[in-house]
Every structure is written in structure tokens, then in C-alpha cells.
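Protein chains: 2
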Amino acid sequence: MKKSDAVAALAALAQDNRLDVFRLLVEAGPEGMPAGSVAGALKLAPNTLTFHFDRLRDAGLVTVRRQGRSMIYAARYDAMNALLDYLTKNCCQGAPDQCAPAAACKPARGKREKMNA
Amino acid sequence: MKKSDAVAALAALAQDNRLDVFRLLVEAGPEGMPAGSVAGALKLAPNTLTFHFDRLRDAGLVTVRRQGRSMIYAARYDAMNALLDYLTKNCCQGAPDQCAPAAACKPARGKREKMNA
DNA sequence: AAATTATTTCAGCGGTTATTGAAATATCTC
DNA sequence: GAGATATTTCAATAACCGCTGAAATAATTT
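Protein chains in written order, with this note's numbering: chain A, 81 to 197; chain B, 81 to 197.
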């Protein structure tokens, strides 16, 4: 992960509503959830939510797909893991032995997916 | 760690120059380094650097102490660990068993040992 | 095809951010 | 104390942020 990617991801998460959105999507699992449900859960105006989704997406932290008239947003666990990995590496450089390996982040309890990848 | 603290820490790190500053301080170890050396290493104007230090400090990521006419800034590893922990917990909630424990972050081992990335 | 639902786009606004240059403060040396 | 060094404070500015309201687009239902 490049530094610019890390900065982008950090910036995307460094906002109250966006952090909430991302957490909600993480909880929702790999299938994600429709924008409207997120708006309802977090009580955000739909256009405001679009604004935040755009930022999360630009930072590579979420994906979107259309399903009927709904847009389904889903967290990208790999991106989150890459960020944690980057921070850990940068934090622990010089003392790798004393640091736990980068935290692995998997979808919240979900679907019978293979968890070891 | 409260959400507001996490957001503050994320925001503090979500800026090119500040991320550089923090990384440099992490490398510098617990003793920290004087503001002037940071300015020299990163080629930042001293007043600009003060601005960024203030933000890192407000976010609890660095400490300062005066030594003669120099101000010595040092990374707060505990704060960084708390952030990683927060992100990990929030990322892995619902599937705690499947996630690696929070990364532990220690000061870079005393000397300037070259490490492979 | 008209009406309904879901989401995005657009324009605008006040607030914040990162930077610069000039001046001020603190400390040390002579 | 005068002068030099290290850092901060202050004022100004352009750029970006997060939010709102109104309108547009897309897909579904009738």
C-alpha cells in the first residue's frame, strides 16, 4: 500500500458519519446493504450519504453494485486490512519481533464463506 | 478509546506531512527529536511544522518537552496502539475469534538497526 | 406511460485546513 | 545586555469539507 492510499483511507475514516457508515457496512457483512438502509439506520439525508459514500469509495474502502433501484454498498475488508497493515508496519518498524502480526480483518460472522484466505 | 478520539487520531494522521512527521518520530524512538531536526528532515517551514505538531498533540499522538531552546517531540506509542486496537475491534466485531489480536506497537528498538520492510 | 421509490447530481453556504510571511517569544552565548 | 538560535504566534488566503434544498436520473409498479 502506498502512502497516498493510506492517507486517503485515513481521511475517509476520519469523519464521524463516515466512520459510522463504514462500521455499519462491516457489520453488514460481505453482501453489504442498500444505501437507503444505511440512511435509515444512521439518520442521514440521502444526498449527504451519497457524498460520504463517494469518499469511502474513492478511498477504496467500499464497493457498490446496483440491485433493482437500490445501490448496495459493501465494506472492502481487504482495504481495511491493508490500512491496518500499513499502520502497523510503519508503527513497528525497527522492532518487528515485538509487534503482533498485522490484524486480520474478516467479514463479521457471516455467511458460510471461507474465512481463511 | 472513544469514537471521538479515534476520529481525532485518524484525522491527525490523514495528512501527508503529518503522517511523515509521525513516522519520523516513531523511528526516532521514545526519546523523540527536536522540532528543528524534523523540519530539516522533512523540509518543512518551522511555523508550518508547529501547526502540524499542534494537531498531532491535540490528537494525543505526540508529546513535547523543552530542552534548552529546542522542543523535543516524541511519538506516543500507546495512543497509536489504542487506535489500531479500536480499528481492529470495530473491524472485527462479530467475529472476534477470527481476527488477530490488536497489533502491539513498541518503540523502535533502541538503535538504528536496518530492518527490511 | 404515469406514478412511485431509490439514489444521485448540482448549486450554494459557512466552517475548517494547510500554507505563507512577518513578527513575537524563549533560551543560550558572548 | 546584545546577538544568535529555536520555535511559536498572528494575520491572511486559497482550497476543501460537510451539509442543505431542489432538481435530475434510474428502476419498478400500476
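Beta carbons are placed, not taken as given, at the ideal position from N, Cα and C, and that holds for glycine. Note that the coordinates shown come from a computational prediction; the quantities given were computed from them, not determined experimentally.
Asked, Found
"Within the region 117–159 of chain B, ranges of the alpha helix (DSSP H) (whole runs, at least 4 residues)", "126–138"
"Contacts of residue 90 of chain B in chain A (Cβ-Cβ under 7 Å)", "90, 93, 94"
"Given 8 Å, three or more beta-carbon pairs between the region 130–140 of chain A and the region 113–127 of chain B", "no"
"Environment of residue 149 of chain B [buried if 16+ CB atoms lie within 10 Å]", "exposed"
"Chain A contact for residue 113 of chain B (CB, 9 Å cutoff)", "no"
"Coarse secondary structure for residue 174 of chain A, derived from DSSP in three states", "The predicted model places residue 174 of chain A with a pLDDT of 44, which falls under 50 and marks its position as unreliable, so this point remains unresolved."
"Segment contact, 8 Å Cβ cut-off, at least three pairs: the region 150–167 of chain A with the region 94–107 of chain A", "yes"
"DSSP bridge partner residues for residue 110 of chain B (one or two, in chain order)", "Answer by DSSP bridge pairing: none, since residue 110 of chain B is not bridged."
"Residue 137 of chain B: contacting residues in chain A (beta-carbon distance under 7 Å)", "Under the 7 Å cutoff, chain A gives no residues; its nearest Cβ is about 17 Å from residue 137 of chain B."
"Status (buried if at least 16 other CB within 10 Å, exposed otherwise) for residue 112 of chain B", "buried"
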